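*Asks:*
Numbering (our numbering), first residue to last: 2 to 190.
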């Protein structure tokens, strides 16, 4: 995570900047989430199924400085784009101290509810802390628990319930690509 944080910093991403993650469910999403937060940036998850026009709208509306992708589709607007395979994995130094402002925006989730144009919902670190604390208590999670992530990581519940809450409890997370009824029980085993 530190290597990715240093890389984001080197690309000019800093406190208050937005990093867009247009990724399928994969461990690098979580690494980039924490890397962005470490340098004080906000993450806006982008649904990989969106059309280029919809992606461009989210990138423009959020003011994203960087888009990380795992496909080969170029965005419809000009924004620095990084392929997930190019994410740094080895760090040479510890970098700056992690940002710890609880009021900083952590996630910018685009949702339209049931109808309409998606709007950005701002969740700060204090929001995430409260949600994960409640989830950990309600689910009685411990360090011995393991979460199987099948929800999409572009959705707030995929991030908060399936990843952040078990990690807060000291547990672990197994990231599945997506729910598949034919392979679900084999994946659990």
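For each residue, glycine too, the CB sits at the ideal point set by N, CA and C.
If you're wondering where the values come from, they're calculated on a predicted model, not measured in any experiment.
Residues in the same chain with beta-carbon distance under 7 Å from residue 159, minus the five sequence neighbours each way, listed in chain order, please.
*Replies:* Excluding positions up to five away in sequence, the list reads 150, 152, 153.
*Asks:* Distance check for residue 39 and residue 98, CA to CA, integer angstroms please.
*Replies:* Each residue's Cα considered, the two are about 8 Å apart.
*Asks:* Measure the beta-carbon distance from residue 67 to residue 20 and round it to whole angstroms, keeping in mind my assumption that it falls under 8 Å.
*Replies:* Confirmed, about 5 Å.
*Asks:* In three-state DSSP terms, what is residue 123?
*Replies:* Three-state DSSP puts residue 123 in a strand.
*Asks:* Once you ignore the five residues that flank residue 132 on each side, which residues in its own chain have a CB closer than 6 Å to its CB?
*Replies:* These residues qualify, in order along the chain: 161.
*Asks:* Residue 193 bridges to which residues according to DSSP?
*Replies:* Because the chain spans 2 through 190 in this model, residue 193 falls outside it and cannot be assessed.
*Asks:* What does a CB cutoff of less than 7 Å around residue 95 pick up in its chain, not counting 5 residues either side in sequence?
*Replies:* These residues qualify, in order along the chain: 3.
*Asks:* Which first and last residues belong to the beta strand (DSSP E) in which residue 32 is found?
*Replies:* No beta strand (DSSP E) contains residue 32, which is instead part of the alpha helix (DSSP H) from 28-39.
*Asks:* What residue range is occupied by the uninterrupted alpha helix (DSSP H) comprising residue 43?
*Replies:* From DSSP, residue 43 is part of no alpha helix (DSSP H) but of the beta strand (DSSP E) over 43-46.
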